[in-house]
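Asks:
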Amino acid sequence: MTNRTNGNPPAENVLGTYLRERRARLDPIALGYPPGRRRTVGLRREEIAQRANISATWYTCLEQGRGGAPSADVLDRISRALLLTDAEREHLFLLGLGHPPEVRFHRKEGVSPRLQRVLDVFDPSPALVRTAVWDVLAWNRAATVMLADYGSLPPKQRNLLRMMFLNPHARTVQEEWDSVARFVVGAFKLDAARAGATAEVGPLVEELCTQSPEFNAMWRDNDIRGAHGDTVKHIHHPVLGPLAFEVSTFSVDGRTDLSMVIYNPATPSDAGKIKSKIGP
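In terms of my numbering, the sequence shown is residues 42 to 321.
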């Protein structure tokens, strides 16, 4: 806003400044606008308004700090028109409305080499990266040996919820399978809702309800349990016997749709067994 009140200097229009800076960095030619002389760097205000499907007058008011707070829908349109990244879009909402936007779930197909190197550092502790719908995207060598050979499975079968209820091997290695399964269902619900992926899990839930009476009953219980914090997981490895892991879950780069899960051996004896199995 630029109004002067009681002799005080005008407040800085940070939203307008941010919009102008983001607009100036766009390349008109790359976006299909004809080359020619332009008095401004980047796109014009009316071009952003056209791309966002809002009036040029309203967009001009936003840049000039007039006209009141924009709606979430308007900010979302402007963020697409300005080609903002997720982090830039969040910053736009914080400036315009004072709170972040509603979460948007993005289905991922893999992880960056940087994130894979982080996983590999944790050997001999099994570690993996999963999405909000519990698809396993990446894992380290210890996870392959101790948990599952994810690399040998088709991508659709690398879902932790599907493996828990439809893979007979999960029942043989899990101590107190029923208790673990109930925890998994509640934690899955919470993760999917937190990441805005409730609609995306529909086909998976329908499949599991049809094929697993136990899942059907647990899903309808609405027993919500957090997946974060300190959890001890007991498994019975076919070669090494009983093992215990302290399980920790962390969001990746502050995101709600991507988590890293680390299974740290609970005792030196457990760590020694795993090292002997995976080798140097």
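Here a beta-carbon is modelled for each residue, glycine too, at the ideal position from N, C-alpha and C.
1) Based on Cα-Cα distance, which residue from Asn257, His275, Asp219, Ala258 lies nearest to Ala307?
2) Please report the distance separating the alpha-carbon of Val226 from that of Leu245.
3) Does Gly156 come out as helix, strand or coil in the three-state DSSP assignment?
4) CB-CB under 6 Å to Arg171, same chain, minus the five flanking residues each way: which ones, in chain order?
5) Taking contact to mean at least 3 C-beta pairs separated by less than 8 Å, is the region 236-243 in contact with the region 209-225?
6) Specify, as a first and last residue, the run of the alpha helix (DSSP H) that Lys318 falls within.
7) Can you give me the Cβ contacts of Leu56 inside the same chain, cut-off strictly under 6 Å, excluding the 5 residues immediately before and after it?
8) Please look up how many angstroms separate the CB atoms of His277 and Glu216, rounded, as I've assumed it's under 8 Å.
9) Could you tell me the alpha carbon to alpha carbon distance between Thr98 and Glu88, rounded to whole angstroms?
10) Out of curiosity, what's the CA-to-CA distance linking Arg130 and Tyr74?
11) Is there contact between the region 105-124 and the region 58-68, where contact requires at least three CB pairs shorter than 8 Å?
12) How is the alpha helix (DSSP H) around His132 delimited, first residue to last?
13) In the DSSP assignment, the alpha helix (DSSP H) including Ser193 goes from what residue to what residue?
Replies: From the atom records:
1) His275
2) Taking the Cα positions, Val226 is about 12 Å away from Leu245.
3) With the sequence shown as reference, residue 156 is identified as Leu, and Gly is not the correct amino acid for it. Residue state, collapsed to three classes: helix.
4) Val177, Ser300
5) no
6) 309-319
7) Leu136, Gly137
8) 6 Å
9) 12 Å
10) Straight-line Cα distance between these residues: approximately 24 Å.
11) yes
12) His132: member of the alpha helix (DSSP H) spanning 127-138, first to last residue.
13) Ser193 -> no alpha helix (DSSP H), and no H or E assigned at all.
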